[in-house]
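Trainee: Provided herewith is a single structure, encoded as structure tokens, for subsequent inquiry.
Residue numbers (full-length UniProt numbering): 1 to 501.
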């Protein structure tokens, strides 16, 4: 089961139910969170001589910070706490943990109130800063004084670690001002939606999810629209291959791709399709592309794109259209033909751009269709968005309206199912932002669809394996040198990784 991304108000309800179910106090959950964070910290930062500065608000996130300070001091780290009184209130659990500090050796405490001179704050210029200022309590723009504190922290050459969520970042909405830009975020039990939105994700750094013993029953019965896929979710989707099978048992994919200026797109899509386990793959393209495609992957078959109207469709199991097909006049006729076939289909690149000019075609798409836009293609299809939250909501509404799956490609690629549920992917790296990477993904999806994967399973599996192959390729390349062919070359390793882990 994918990890649920649960809204902050519902997390509070889960915490309350956990307290009742386990017969504990809320301060015990705070102790668990602080202990879990400290265990992670001491595994990753073993040098106790490095100064540690913890910025604490006066709410429960600040209380987590006080627990962390106490536990680190017990392990002989040099700890300084800066308590920021963002409001006149201190939570009860904050007060309880504050009382435990005066007797602790190795802890300095500095209290900061609004309008205290900034030059009196002993900011670290290097070392480690732990952010326990606001947590999930950010729901409005910070006043300038406190935003200045965050801005100054961001200028310092320190390692910055967020407790649960970077301060200044709302859990489920676009931030105002600038959050703390963290190198690491240690989030408790369930991730936050903001972590996977492009504008916010850059402030999260490396994300680690740590369980703190919240009630699994409460989590399971809490509804959610958003999920984070894991390797354990993808592994059972991989189909077993019967030893006594032949190529016809693994499907025949038709990929409509390539043009005189972009033959490589067809080559990449076809090659990745073959590497995804399909039995047969035909590239429908212009004759000028044949030699280029077949010289790279002789296992492929090619046919003249204009002969597609005579195609024997009963031998085709999936269709892909878009990579490098350009904007020729005959594209409309091609769409008219393939949209009348009851075949699972993936539409990418120029195929999406064509639909963006002929939006009536959206109503002709069948429920076994997968659209794979990047942000620019998505905005051309469904209109521009002010931010990633708005774009994601548009994707949910479009998937439900047209009964399709939308793969919104990006750093945390979102697979949006036709029921409106969103699955964020964890694999991949910035080196994959390169020409042809999307063509490779299209080929993988087409190959899986031809092998009778259900559309959602094909989308989730292809996105995961595509990213994982990029991660494997990065072991031999750099983010600058990685190219789309490297992704294809590591598909086999990725399939084997899923089978053996």
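Ideal Cβ positions, reconstructed from N, Cα and C, are used throughout, including at glycine.
For clarity, every value in this text was computed on a predicted model and none was experimentally measured.
1) Does DSSP classify residue 78 as helix, strand or coil?
2) For residue 304, name the three-state secondary structure that DSSP assigns.
3) By the 10 Å Cβ neighbour count, where 16 or more other Cβ atoms means buried, how is residue 330 classified, buried or exposed?
4) By a C-beta neighbour count over all protein chains shown, 10 Å radius and 16 as the cutoff for buried, is residue 88 buried or exposed?
5) Using 10 angstroms around the beta-carbon of residue 119, count the other beta-carbons present and answer buried if the total reaches 16, otherwise exposed.
6) Can you grab the Cα-Cα spacing for the pair residue 423 / residue 15, in whole Å?
7) Work out the CA separation of residue 224 and residue 101 for me, nearest whole Å.
8) Under 8 Å Cβ to Cβ from residue 48, same chain only, skipping five residues before and after it: list those, please.
9) For residue 466, name the three-state secondary structure that DSSP assigns.
10) Among residues of its own chain, excluding the 5 on either side of residue 365, which ones have a beta-carbon nearer than 6 Å to its beta-carbon?
11) Provide the residue(s) that pair with residue 502 in DSSP beta bridges, ordered along the chain.
12) Can you list, in chain order, the residues of its chain whose CB lies under 8 Å from that of residue 231, leaving out five sequence neighbours each side?
13) Note down the Cα distance separating residue 122 from residue 414, rounded to an integer number of angstroms.
14) I'd like to check one pair, residue 449 with residue 368: are the Cβ atoms closer than 9 Å?
15) Consult DSSP for residue 527 and reduce its assignment to one of helix, strand or coil.
16) Would you list the one or two residues that DSSP bridges to residue 55?
17) Could you compute how far the alpha carbon of residue 389 sits from the alpha carbon of residue 197?
18) With distances taken between CB atoms, is the gap from residue 183 to residue 205 smaller than 9 Å?
19) I'd like to check one pair, residue 346 with residue 328: are the Cβ atoms closer than 9 Å?
20) In the DSSP assignment, find the unbroken beta strand (DSSP E) run with residue 95 in it and report its ends.
21) Using DSSP's beta-bridge definition, name the partner residues of residue 111.
22) Which residue from 291, 258, 273 puts its Cα closest to that of residue 492?
23) Buried or exposed: where does residue 475 fall if 16 or more other Cβ atoms within 10 Å of its Cβ makes it buried?
24) Using the C-alpha atoms, what's the distance from residue 13 back to residue 218?
25) For residue 381, collect the residues of the same chain with a Cβ closer than 7 Å to its Cβ; drop the 5 residues on either side in sequence, then sort them by chain order.
26) Ignore the nearest five residues each way along the sequence and tell me which others in residue 189's own chain have a CB closer than 6 Å to its CB.
27) Measure the C-alpha to C-alpha separation of residue 222 and residue 6 and round it to an integer number of angstroms.
28) So what's residue 345 in DSSP terms, helix, strand or just coil?
29) At the level of alpha carbons, what is the spacing between residue 299 and residue 245?
30) Suppose you measure from the CA of residue 409 to the CA of residue 375; what does that come to, to the nearest Å?
31) For the beta strand (DSSP E) containing residue 160, name the first residue and the last one.
32) Report the CB separation of residue 199 from residue 387 in whole angstroms; it is logged as a contact under 8 Å.
33) Taking just the CA atoms, how far does residue 238 sit from residue 452?
34) Please determine, among 235, 379, 311, the residue with the shortest C-alpha to C-alpha distance to residue 458.
35) Can you give me the C-alpha to C-alpha distance between residue 156 and residue 128, rounded to a whole angstrom?
36) May I ask which residues mark the beginning and end of the alpha helix (DSSP H) holding residue 221?
Mentor: The answer reads as follows:
1) Position 78 of the chain shown, counted from the first residue, corresponds to residue 78. Looking at residue 78 - three-state DSSP - the assignment turns out to be coil, as it is neither helix nor strand.
2) If you number the chain shown from 1, residue 304 lands on position 304. Correct three-state label for residue 304: strand.
3) Here the question's residue 330 lines up with position 330 in the chain shown. Label assigned to residue 330: exposed.
4) The residue you call residue 88 lines up with position 88 of the chain shown. Exposed, because fewer than 16 other Cβ atoms sit within 10 Å of the Cβ of residue 88.
5) In the chain shown, counting from the first residue as 1, residue 119 sits at position 119. Classification of residue 119: exposed, given that the 10 Å Cβ count is below 16.
6) Position 423 of the chain shown, counting from 1, holds the residue named residue 423. Position 15 of the chain shown, counting from 1, holds the residue named residue 15. Computed Cα separation, rounded: 24 Å.
7) By one-based count along the chain shown, residue 101 stands at place 101. By one-based count along the chain shown, residue 224 stands at place 224. Each residue's Cα considered, the two are about 39 Å apart.
8) Along the chain shown, one-based indexing puts residue 48 at 48. Cβ neighbours of residue 48 beyond the five flanking positions: 75, 76, 77, 78.
9) Reading the chain shown from its first residue, position 466 is the one you call residue 466. Here residue 466 sits in helix by DSSP.
10) By 1-based counting over the chain shown, the position of residue 365 is 365. Cβ neighbours of residue 365 beyond the five flanking positions: 402, 404.
11) Since the first and last residues shown for the chain are 1 and 501, residue 502 lies out of range.
12) As a working mapping, residue 231 is identified with position 231 in the chain shown. For residue 231, where only same-chain residues beyond five positions count, the Cβ hits under 8 Å are 464, 498, 501.
13) Taking the first residue of the chain shown as position 1, residue 122 is located at position 122. Taking the first residue of the chain shown as position 1, residue 414 is located at position 414. In a straight line, the C-alpha of residue 122 is about 42 Å away from that of residue 414.
14) Numbered from 1 along the chain shown, position 368 holds the residue referred to as residue 368. Numbered from 1 along the chain shown, position 449 holds the residue referred to as residue 449. Closer than 9 Å, so yes.
15) Any question about residue 527 goes unanswered here, given that the chain covers just 1 to 501.
16) Mapped onto the chain shown, residue 55 falls at position 55. Residue 55 is bridged to 82, 131.
17) Here residue 389 refers to the residue found at position 389 when the chain shown is read from its first residue. Here residue 197 refers to the residue found at position 197 when the chain shown is read from its first residue. C-alpha separation (whole angstroms): 7 Å.
18) As a first step, residue 183 is located in the chain shown; it is residue number 183 there, counting from the start. As a first step, residue 205 is located in the chain shown; it is residue number 205 there, counting from the start. The answer is yes: Cβ separation under 9 Å.
19) As a position in the chain shown, residue 328 is number 328, starting the count at 1. As a position in the chain shown, residue 346 is number 346, starting the count at 1. Not closer than 9 Å, so no.
20) To locate residue 95, count along the chain shown from 1; it is residue 95. Element bounds for residue 95: not the beta strand (DSSP E) but the alpha helix (DSSP H), 92-99.
21) Here residue 111 corresponds to residue number 111 of the chain shown, with the count starting at 1. Partner(s): 83.
22) Position 492 of the chain shown, counted from the start, is the residue given in the question as residue 492. Taking only the C-alpha atoms, the option nearest residue 492 is 273.
23) Within the chain shown, the letter at position 475 stands for residue 475. Exposed is the call here.
24) As a working mapping, residue 218 is identified with position 218 in the chain shown. As a working mapping, residue 13 is identified with position 13 in the chain shown. The alpha-carbon atoms of residue 218 and residue 13 are separated by roughly 9 Å.
25) The residue given as residue 381 occupies position 381 in the chain shown. Within the same chain, residue 381 has close Cβ partners 352, 355, 356, 373.
26) As a first step, residue 189 is located in the chain shown; it is residue number 189 there, counting from the start. Within the same chain, residue 189 has close Cβ partners 211, 212, 214.
27) Start at 1 with the first residue of the chain shown, and residue 222 comes out as number 222. Start at 1 with the first residue of the chain shown, and residue 6 comes out as number 6. So the two alpha carbons sit approximately 8 Å from each other.
28) Here residue 345 refers to the residue found at position 345 when the chain shown is read from its first residue. Note: residue 345 maps to strand in three-state DSSP.
29) Residue numbering aside, residue 299 sits at position 299 when the chain shown is read from its first letter. Residue numbering aside, residue 245 sits at position 245 when the chain shown is read from its first letter. In a straight line, the C-alpha of residue 299 is about 18 Å away from that of residue 245.
30) The residue you call residue 409 lines up with position 409 of the chain shown. The residue you call residue 375 lines up with position 375 of the chain shown. Answer to the nearest angstrom: the Cα atoms are 7 Å apart.
31) Start at 1 with the first residue of the chain shown, and residue 160 comes out as number 160. Taken as a continuous stretch (DSSP letters only), the beta strand (DSSP E) holding residue 160 covers 159-163.
32) The residue labelled residue 199 in the question sits at position 199 within the chain shown. The residue labelled residue 387 in the question sits at position 387 within the chain shown. With 8 Å as the limit, residue 199 and residue 387 qualify as a contact, their Cβ atoms being about 6 Å apart.
33) Along the chain shown, read from residue 1 onward, the residue named residue 452 stands at position 452. Along the chain shown, read from residue 1 onward, the residue named residue 238 stands at position 238. Using only the alpha carbons, I get a separation of about 11 Å.
34) Start at 1 with the first residue of the chain shown, and residue 458 comes out as number 458. Considering only alpha carbons, the answer is 235.
35) Indexing the chain shown from 1 puts residue 156 at position 156. Indexing the chain shown from 1 puts residue 128 at position 128. C-alpha separation (whole angstroms): 10 Å.
36) Working through the chain shown from its first residue, we reach residue 221 at position 221. Where residue 221 is concerned, the enclosing alpha helix (DSSP H) stretches over 216-221.
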